[in-house]
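Chemist: Below are the structure tokens for one structure; questions will follow.
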Amino acid sequence: MFLVLYGATGDLAQRMLLASLYFLERDRLLPDDLRILATARTNQKTAEFLRSSRERLALHHGETAIEEKAWERFARRLSYHPLDATDAAALTRLGDDVPALKEAQTVHYLSVAPHLYAPIVEALGEAGLAHPRARLAMEKPIGEDGESARRLNETVARVFAEDRVYRVDHYLGKETVQNLIALRFANSLFEPIWSRAHIEQVQITIAEQIGVGDRAAYYDQAGALKDMVQNHLLQLVSLVAMEPPARFDPDAVRDEKVKVLRALKPFDRASVAADTVTGQYGAGVIDGEPVPAYLEEAPGRNPLTETFVALRTEIMNWRWRGVPFYLRTGKRLAYRYTEIFIQFRDLPHSIFPPETSAGIRPNQLVIRLQPEERVTLQVMSKVPGLTQEGMNLRPVSLDLSLTEAFADHRRRIAYERLLLDLLHGDATLFVRRDEVVAAWDWIDGIRRGWRDADMRPRPYPAGSWGPAAAIALTERHGHSWHE
Ligand code: BG6
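Structure (structure tokens):
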């Protein structure tokens, strides 16, 4: 079996993919017969590639992460092949050098700039490497709007059958994201109350402290809506809101997810003004360090690129109608955390006297994805001890720290799960073509609305929680962000 990695010298491949493959090797999870062919345009020998990959691994994970024996096994499986993958002749030569590539189980993993996806896929087809035992993995973004995503899907479909195409959203490989599926569908507790009858609001936040860094060329064109909402945030929305699938298999799960995406309330010019807020970071302070404004980080930055988005949406179906879903993401925010917050409805009636009832808060379920992995259910409890007035009530947390509960488990890189599934041919945690298109169609509506309403990002200081208007977005509806 082969894994051919295109763009192997790039940042994602080095930081995430090769590191994940090495850790899988260390844990002896890679198929014995797996050979890894790393390709990129840089002309170098396998030994040089391995040397620099090892240095990167040590840099990001520490020298102690590298076990000599495991690294040797890893190095034996890997060879580096300098080539331009958009050139069918170069891929044909690769096939001639490694003839088994023309028929053996193979994963072609594109970790290259997205504009190269279509030419590489076509070249793979021409070179005879896209045979029925070959799979294709592609990183986000798949297209930059609905139309280009459809076009890319078409090109891919001419070469690879859909059940051989694995669109990667690395959030789906995160342990706590899978745990959300376990929480919802391996417990009978939550499902009966998982609807508008019991849930008051849902919030999903992906807050980052980092800025745009050296990815500005891409980010300045994309902005937070395309970079984070179209994929990671909407994937989380669909997992929170989907109906129970009949089985945990690729089609059953993705059939349910896509229904959620199609049921998202579309935006128009009026609703974007009321229910979305965009921002761009100005200079500020993060962890005590001054950081420059987005526009000052480099010359030529686009003043219209949003580095922050908050929005309020609804899912137009029987289960969710009327429940606000607040989504928020931004760079250079006060601290890094990703969280799904579910607030249940108020008590229908309090049996406690007014002095005690005042302290009663609605139950909350908080699923923290990062930096720590924890699930917290906030319930009301009696404060221990005796008072003249009787019972005192206060919210307390039923706290499940997955990091502590499974302390002997190493926290894995999300890509480890995804690579393993790819090698085993399980597409459940990958994105299907109709999901990508449904997500883009909704995102395109927001972008059209912003354009028609001439909305511009509001400034916010780095190290804050985004523009003040984002706070008003929830407060108008009697809610507030959970931070
Ligand atoms: C990537 C985005 O998909 O996800 C980045 O392009 C973002 O802008 C990153 O920083 C966040 O991933 P994580 O796993 O660090 O939350």
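Sequential numbering of the sequence shown, starting at 761, is according to our numbering.
From the three backbone atoms N, C-alpha and C, an ideal C-beta is built for every residue, glycine too.
If we ignore side chains and look at the alpha-carbon of each, how far apart do Thr1163 and Leu999 end up?
Modeler: Looking up residue 1163 in the sequence shown gives position 403. Looking up residue 999 in the sequence shown gives position 239. In a straight line, the C-alpha of Thr1163 is about 22 Å away from that of Leu999.
Chemist: Thinking Val872 and Tyr766 are a contact (beta carbons under 8 Å), I'd like their distance in whole angstroms, please.
Modeler: The sequence position of residue 872 within the sequence shown is 112, counting from 1. The sequence position of residue 766 within the sequence shown is 6, counting from 1. Right, the Cβ-Cβ distance comes to about 5 Å (below 8 Å), so this counts as a contact.
Chemist: Thinking C-alpha only, which one of Gly1082, Gly1039, Arg1092 is nearest Val1045?
Modeler: Here residue 1045 is taken as the residue at index 285 of the sequence shown, counted from 1. Ranking the options by Cα distance to Val1045, first place goes to Arg1092.
Chemist: Quick one: any contact between the stretch 807 to 824 and the stretch 770 to 777, if contact means 3 or more CB pairs under 8 Å?
Modeler: Yes, since at least three Cβ pairs between the stretch 807 to 824 and the stretch 770 to 777 fall closer than 8 Å, the two stretches touch.
Chemist: Is it the case that the Cβ atoms of Glu960 and Arg1105 are separated by a distance below 7 Å?
Modeler: Numbered from 1 along the sequence shown, position 200 holds the residue referred to as residue 960. Numbered from 1 along the sequence shown, position 345 holds the residue referred to as residue 1105. For Glu960 and Arg1105, yes; Cβs fall inside 7 Å.
Chemist: Starting from the Cα of Gln995, find the closest Cα among Ala1058, Ala977, Asp1015, Ile880 and give me that residue.
Modeler: Locating residue 995 in the sequence shown gives position 235, where the first residue counts as 1. When each option's Cα is compared against that of Gln995, the closest is Asp1015.
Chemist: If I follow the unbroken alpha helix (DSSP H) through Gln963, where does it start and stop?
Modeler: Indexing the sequence shown from 1 puts residue 963 at position 203. Looking at the DSSP string, Gln963 is not in any alpha helix (DSSP H); the run it does join, the beta strand (DSSP E), is 959 to 967.
Chemist: Could you tell me if Val989 is buried or exposed, where buried requires 16 or more neighbouring beta carbons within 10 angstroms of its beta carbon?
Modeler: The residue labelled residue 989 in the question sits at position 229 within the sequence shown. Answer is buried; the Cβ neighbour count reaches 16.
Chemist: Could you compute how far the alpha carbon of Met761 sits from the alpha carbon of Asn939?
Modeler: Residue mapping note: residue 761 aligns to position 1 of the sequence shown, counting from 1. Residue mapping note: residue 939 aligns to position 179 of the sequence shown, counting from 1. For Met761 and Asn939, the distance between alpha carbons rounds to 30 Å.
Chemist: State yes or no: is the C-beta of Arg927 within less than 7 Å of the C-beta of Val1197?
Modeler: If you number the sequence shown from 1, residue 927 lands on position 167. If you number the sequence shown from 1, residue 1197 lands on position 437. In this structure, Val1197 does not lie closer than 7 Å to Arg927 by Cβ.
Chemist: Is it the case that the Cβ atoms of Phe1101 and Val1126 are separated by a distance below 7 Å?
Modeler: Residue 1101 sits at position 341 when you count from the first residue of the sequence shown. Residue 1126 sits at position 366 when you count from the first residue of the sequence shown. Yes.
Chemist: Is Thr866 helix, strand or coil when you go by DSSP?
Modeler: As a position in the sequence shown, residue 866 is number 106, starting the count at 1. Of the three classes helix, strand and coil, the one that applies to Thr866 here is strand, per DSSP.
Chemist: Any heavy atom of the ligand BG6 within a distance shorter than 6 Å of the CB on Asp1204?
Modeler: On the sequence shown, position 444 is the one that residue 1204 refers to. No, since every heavy atom of the ligand BG6 falls outside the 6 Å radius drawn around the Cβ of Asp1204.
Chemist: Going by other Cβ atoms of all chains shown within 10 Å of its Cβ, with 16 needed for buried, is Gln1148 buried or exposed?
Modeler: As a position in the sequence shown, residue 1148 is number 388, starting the count at 1. Flag for Gln1148 reads exposed.
Chemist: In chain order, what residues of the same chain lie with their CB nearer than 8 Å to the CB of Gly1244, ignoring the 5 residues before and after it?
Modeler: In the structure as shown, the chain begins at 761 and stops at 1243. Residue 1244 is therefore absent and cannot be evaluated.
Chemist: The alpha helix (DSSP H) with Asp1159 in it runs from where to where?
Modeler: On the sequence shown, position 399 is the one that residue 1159 refers to. Not the alpha helix (DSSP H): Asp1159 falls in the beta strand (DSSP E), residues 1153 to 1161.
Chemist: Could you tell me the boundaries of the beta strand (DSSP E) in which Thr1136 lies?
Modeler: Indexing the sequence shown from 1 puts residue 1136 at position 376. Per DSSP, Thr1136 belongs to the beta strand (DSSP E) from 1134 to 1142.
Chemist: Looking at Asp787 and the ligand BG6, is the gap between the Cβ and the nearest heavy atom below 6 Å?
Modeler: Sequence index remark: in the sequence shown, residue 787 carries index 27 (1-based). Not so, every heavy atom of the ligand BG6 lies at least 6 Å from the Cβ.
Chemist: Mapping DSSP to helix, strand and coil, what is Glu1049?
Modeler: In the sequence shown, residue 1049 corresponds to position 289, counting from 1. If DSSP states are grouped into helix, strand and coil, Glu1049 belongs with the strands.
Chemist: In the DSSP output, which residue or residues are listed as bridge partners for Leu1093?
Modeler: The residue given as residue 1093 occupies position 333 in the sequence shown. DSSP output for Leu1093 lists Ser1224 as bridge partner(s).
Chemist: Please name the residue in Leu1146, Lys1142, Gln1138 whose C-alpha comes closest to that of Ser1157.
Modeler: Looking up residue 1157 in the sequence shown gives position 397. For Ser1157, the nearest C-alpha among the options comes from Gln1138.
Chemist: Does the count of Cβ pairs from the stretch 1225 to 1239 and the stretch 1033 to 1043 closer than 8 Å reach three?
Modeler: Segments in contact, yes.
Chemist: Just mark Arg828 as buried or exposed, buried being the case when its beta carbon has 16 or more other beta carbons within 10 Å.
Modeler: Stepping through the sequence shown from its first residue, residue 828 is reached at position 68. Strictly speaking, residue 828 in this sequence is Glu, with Arg absent from that position. The residue in question, Glu828, is exposed, as its Cβ has fewer than 16 Cβ neighbours within 10 Å.
Chemist: Use the C-beta contact count for Trp954: other C-beta atoms within 10 angstroms, 16 or more gives buried, fewer gives exposed.
Modeler: Working through the sequence shown from its first residue, we reach residue 954 at position 194. Buried, because 16 or more other Cβ atoms sit within 10 Å of the Cβ of Trp954.
Chemist: Just the C-alpha distance for Arg1218 and Asp1204, rounded to the nearest angstrom, thanks.
Modeler: Within the sequence shown, the letter at position 458 stands for residue 1218. Within the sequence shown, the letter at position 444 stands for residue 1204. Spanning the two alpha carbons is a distance of roughly 20 Å.
Chemist: What beta strand (DSSP E) runs, 3 residues minimum, are completely inside the stretch 1172 to 1221?
Modeler: You should have 1218 to 1221.
Chemist: Does the ligand PLP have a heavy atom nearer than 6 Å to the CB of Tyr1220?
Modeler: In the structure shown, the ligand PLP is absent; the only ligands present are the ligand BG6.
Chemist: Mapping DSSP to helix, strand and coil, what is His841?
Modeler: Locating residue 841 in the sequence shown gives position 81, counting from the first residue. Strand at His841.
Chemist: Say yes only if the C-beta of Asp771 is nearer than 6 Å to one or more non-hydrogen atoms of the ligand BG6, and no if none qualify.
Modeler: Walking along the sequence shown from the start, residue 771 turns up at place 11. For the ligand BG6, not one heavy atom lies less than 6 Å from the Cβ of Asp771.
Chemist: Closest by CA to Pro952, which one among Glu1003, Ile970, Gly983, Phe920?
Modeler: As a working mapping, residue 952 is identified with position 192 in the sequence shown. Among Glu1003, Ile970, Gly983, Phe920, the Cα nearest to that of Pro952 is on Glu1003.
Chemist: Given Arg1079, which residues of its chain have a CB within under 8 Å of its CB, disregarding the five upstream and five downstream residues?
Modeler: Start at 1 with the first residue of the sequence shown, and residue 1079 comes out as number 319. These residues qualify, in order along the chain: Trp954, Ser955, Arg956, Ala1001, Glu1003.
Chemist: In or out: Thr936 buried (at least 16 other Cβ within 10 Å) or exposed?
Modeler: Taking the sequence shown and counting its residues from 1, the one referred to as residue 936 is at position 176. It is buried - the Cβ of Thr936 has at least 16 other Cβ atoms within 10 Å.
Chemist: Taking the DSSP output, what are the residues bridged to Leu896?
Modeler: Walking along the sequence shown from the start, residue 896 turns up at place 136. According to DSSP, Leu896 bridges with His868, Val925.
Chemist: So Pro1084 and Arg1096 are supposed to be a Cβ contact under 8 Å. How far apart are they, rounded?
Modeler: Locating residue 1084 in the sequence shown gives position 324, counting from the first residue. Locating residue 1096 in the sequence shown gives position 336, counting from the first residue. That pair is no contact at about 24 Å.
Chemist: Near Thr1272, which residues of its chain fall below 8 Å by C-beta distance, leaving aside the five closest residues on each side in sequence?
Modeler: Any question about residue 1272 goes unanswered here, given that the chain covers just 761 to 1243.
Chemist: Answer yes or no: do Gly906 and Trp1225 have a C-beta to C-beta separation smaller than 7 Å?
Modeler: Sequence index remark: in the sequence shown, residue 906 carries index 146 (1-based). Sequence index remark: in the sequence shown, residue 1225 carries index 465 (1-based). No, they are not a contact pair.
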